[in-house]
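Here is the structure we will look at, set down as structure tokens.
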Amino acid sequence: MCNPAAKIEFGQEKRGSCLHRLDPRVKVVALLGFTALVTTLTSLFLLSLGIAFLIFLIGVARLGRRGVIKRLSWAGAVSGPLLVLLSLVTPGTPWQELRVGTLIFTFTLEGARLAVVLTLRLVNALLALYLLTESTPFRDLMLAFRSLYVPPLLVLLIEFTVRYTLVFTQELKRMMLARQARGFRVGRSLLDMATFSTLGQLIGALFLRSFKRSERIYYAMLARGFNGVSPAAWPAAAGSPAARLNKEDLALGALILAWALTLRLLELGVGEWRELLL
Numbered sequence: 001m002c003n004p005a006a007k008i009e010f011g012q013e014k015r016g017s018c019l020h021r022l023d024p025r026v027k028v029v030a031l032l033g034f035t036a037l038v039t040t041l042t043s044l045f046l047l048s049l050g051i052a053f054l055i056f057l058i059g060v061a062r063l064g065r066r067g068v069i070k071r072l073s074w075a076g077a078v079s080g081p082l083l084v085l086l087s088l089v090t091p092g093t094p095w096q097e098l099r100v101g102t103l104i105f106t107f108t109l110e111g112a113r114l115a116v117v118l119t120l121r122l123v124n125a126l127l128a129l130y131l132l133t134e135s136t137p138f139r140d141l142m143l144a145f146r147s148l149y150v151p152p153l154l155v156l157l158i159e160f161t162v163r164y165t166l167v168f169t170q171e172l173k174r175m176m177l178a179r180q181a182r183g184f185r186v187g188r189s190l191l192d193m194a195t196f197s198t199l200g201q202l203i204g205a206l207f208l209r210s211f212k213r214s215e216r217i218y219y220a221m222l223a224r225g226f227n228g229v230s231p232a233a234w235p236a237a238a239g240s241p242a243a244r245l246n247k248e249d250l251a252l253g254a255l256i257l258a259w260a261l262t263l264r265l266l267e268l269g270v271g272e273w274r275e276l277l278l
């Protein structure tokens with residue numbers, strides 16, 4: 001049986017940047033806090049500033065451009081349907097009409113703007129997640145969640161989901177390769193009955209293999225004394241220098257949160273900002 005831990009690749013490459021060295025606990029709080037604040041913004045300009053800041057941090061961490069482009073392509077795939085749907089259902093100023101026979105579809109500026117806002121929020125969230133996962137080894141990320149008192153059951157669910165999604169993806173690739181070695185060729189569409197039938201058999205076989213493998217894994221864990229709580233802990237004794245947060249980590253985490261908080265206060269307006277402070 002393949003080792004699922006060996007399949008988790010994100011965050012494994014050490015590039016020596018300050019963001020790679022940043023304590024994972026600080027990184028989790030800072031980037032999740034950044035995402036929570038920025039995704040409440042409605043200003044296109046301020047949302048763009050949030051994206052620019054994340055791209056700057058990704059550049060500082062010297063992460064690959066390919067990953068950024070991939071995340072942006074995901075947002076692009078969502079933005080198209082959003083733009084059409086929200087422009088149709090959101091009342092406001094008409095900017096385009098589409099006639100299909102006797103039907104008239106009216107697109108509004110307010111709906112288009114809402115779609116752009118949601119897309120920019122999604123881009124902020126995806127880039128923050130990319131920065132977190134690509135600059136933090138998976139094991140350290142899970143340990144950081146436990147150290148921050150995230151419910152152990154939730155941490156275990158995340159850990160097993162990530163690990164075995166990758167394992168079953170590899171299993172599916174091997175099954176597809178075996179099918180191709182037997183002469184299988186994918187048809188032009190799922191309407192091709194031979195392709196549809198073969199892929200259905202493939203998915204069914206994958207579910208059966210996944211079920212059997214999950215049983216073997218579960219019994220193996222019980223045999224090793226697993227009782228629902230992971231024995232792993234932060235690799236430093238409480239009170240030791242390695243367990244304490246240093247000033248540099250706290251300062252960098254505070255800087256990330258301060259940028260998001262500044263954007264939020266700017267959107268509230270100078271007058272409301274003063275009222276909050278007073």
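Numbering follows full-length UniProt numbering, with no gaps: position 227 of the sequence shown is 227. All C-beta atoms in this analysis are idealised placements derived from N, C-alpha and C, irrespective of residue type, glycine included.
Please state if the CB of Val28 and the CB of Phe145 are separated by a distance shorter than 8 Å. In the sequence shown, residue 145 corresponds to position 145, counting from 1. In the sequence shown, residue 28 corresponds to position 28, counting from 1. Yes; because the gap between Cβ atoms is below 8 Å, this pair is in contact.
Among residues of its own chain, excluding the 5 on either side of Ser48, which ones have a beta-carbon nearer than 6 Å to its beta-carbon? What you label residue 48 is simply residue 48 of the sequence shown in a count that begins at 1. Closer than 6 Å at Cβ, skipping near neighbours: no residue.
Mind checking whether Leu131 and Leu54 have CB atoms under 8 Å apart? Within the sequence shown, numbered from 1, the residue matching residue 131 stands at position 131. Within the sequence shown, numbered from 1, the residue matching residue 54 stands at position 54. Yes, the pair counts as a contact, with Cβ atoms nearer than the cut-off.
Nearest neighbour of Leu122, chosen from Ile51, Phe196, Leu148, Val155 [CA to CA]: Counted from its first residue, the sequence shown places residue 122 at position 122. Closest option to Leu122, Cα to Cα, is Ile51.
Going by other Cβ atoms of all chains shown within 10 Å of its Cβ, with 16 needed for buried, is Asn124 buried or exposed? As a working note, residue 124 is residue 124 in the sequence shown. With 16 or more Cβ atoms within 10 Å of its Cβ, Asn124 is classed as buried.
Considering just the uninterrupted stretch of the alpha helix (DSSP H) at Phe168, what are its terminal residues? Sequence index remark: in the sequence shown, residue 168 carries index 168 (1-based). Residues 152-181.
Give me the DSSP bridge partner(s) of Glu97. Indexing the sequence shown from 1 puts residue 97 at position 97. In the DSSP output, where bridge partners are listed per residue, Glu97 has Thr106.
Find out if the Cβ-Cβ distance for the pair Thr119, Arg264 is shorter than 8 Å. Within the sequence shown, residue 119 is the residue found at index 119, counting from 1. Within the sequence shown, residue 264 is the residue found at index 264, counting from 1. Not a contact, by the Cβ cut-off of 8 Å.
Just tell me which of Val26, Val89, Leu261 has its CA closest to the CA of Ala36. For this step, residue 36 is matched to residue 36 along the sequence shown. It is Leu261.
How would you label Ile104, buried or exposed, when you count the other beta carbons within 10 angstroms and need 16 or more for buried? The count along the sequence shown starts at 1 and reaches residue 104 at position 104. Counting Cβ neighbours within 10 Å, Ile104 comes out exposed, since fewer than 16 surround it.
Output needed for Phe168: all residues of its chain with C-beta closer than 6 Å, excluding positions within five of it in sequence on either side, in chain order. To locate residue 168, count along the sequence shown from 1; it is residue 168. Here the set comprises Ser210.
Can you confirm whether Ile217, when its beta carbon is compared against all beta carbons of chain C, has any partner nearer than 8 Å? Checking the listed chains, one finds no chain C in this structure; it contains a single protein chain.
Sorted by chain position, which residues of the same chain lie with C-beta nearer than 6 Å to Gly33's C-beta, five sequence neighbours on each side aside? Taking the sequence shown and counting its residues from 1, one reaches residue 33 at position 33. Contacts found: Leu257.
In whole angstroms, what is the alpha-carbon distance linking Gly92 and Val117? Counting from one through the sequence shown, the residue named residue 92 turns up at place 92. Counting from one through the sequence shown, the residue named residue 117 turns up at place 117. If you take the alpha carbons of Gly92 and Val117, they lie about 16 Å apart.
Whole-angstrom distance between Leu72 and His20, CA atom to CA atom: Start at 1 with the first residue of the sequence shown, and residue 20 comes out as number 20. Start at 1 with the first residue of the sequence shown, and residue 72 comes out as number 72. Each residue's alpha carbon lies about 22 Å from the other.
Please determine if the segment 57-73 and the segment 136-143 are in contact, where contact requires at least 3 C-beta pairs separated by less than 8 Å. no
Just to confirm, is the Cβ distance from Ala205 to Met175 under 8 Å? What you label residue 205 is simply residue 205 of the sequence shown in a count that begins at 1. What you label residue 175 is simply residue 175 of the sequence shown in a count that begins at 1. Yes.
Out of curiosity, what's the CA-to-CA distance linking Val162 and Glu171? Reading the sequence shown from its first residue, position 162 is the one you call residue 162. Reading the sequence shown from its first residue, position 171 is the one you call residue 171. Spanning the two alpha carbons is a distance of roughly 15 Å.
Could you check where the alpha helix (DSSP H) with Ala61 kicks off and where it finishes? Along the sequence shown, one-based indexing puts residue 61 at 61. First-last for Ala61: undefined, no H or E at that position.
According to DSSP, is Asn124 part of a helix, a strand, or is it coil? Taking the sequence shown and counting its residues from 1, one reaches residue 124 at position 124. Residue state, collapsed to three classes: helix.
I need the straight-line Cα distance from Ser240 to Leu154, nearest angstrom please. Within the sequence shown, numbered from 1, the residue matching residue 240 stands at position 240. Within the sequence shown, numbered from 1, the residue matching residue 154 stands at position 154. Only weak support exists for where Ser240 lies, its pLDDT of 40 falling under 50; the value from the coordinates is given anyway. When rounded, the distance between both Cα atoms is 27 Å.
Do you know offhand how far Lys173's Cα is from Gly253's? By 1-based counting over the sequence shown, the position of residue 173 is 173. By 1-based counting over the sequence shown, the position of residue 253 is 253. When rounded, the distance between both Cα atoms is 40 Å.
Return the residue from the list Tyr164, Thr165, Thr198 that minimises the CA-CA distance to Gln180. Locating residue 180 in the sequence shown gives position 180, where the first residue counts as 1. If we check each option's Cα against that of Gln180, Thr198 comes out closest.
For Thr35, the first and last residue of its enclosing alpha helix (DSSP H): Locating residue 35 in the sequence shown gives position 35, counting from the first residue. Element bounds for Thr35: 24-38.
Sequence-distant residues of the same chain with beta carbon closer than 8 Å to Arg274, five excluded per side: Sequence index remark: in the sequence shown, residue 274 carries index 274 (1-based). Note that Arg274 scores a pLDDT of 48, beneath 50, so its modelled location is shaky; the value from the coordinates is reported in the next line. Around Arg274: no qualifying Cβ.
Inter-residue Cα distance where the pair is Leu143 and Leu156: Along the sequence shown, read from residue 1 onward, the residue named residue 143 stands at position 143. Along the sequence shown, read from residue 1 onward, the residue named residue 156 stands at position 156. Spanning the two alpha carbons is a distance of roughly 11 Å.
So the alpha helix (DSSP H) Gly80 belongs to, where does it begin and stop? Counting from 1 along the sequence shown, the entry for residue 80 is found at position 80. First-last of the alpha helix (DSSP H) with Gly80: 65-89.
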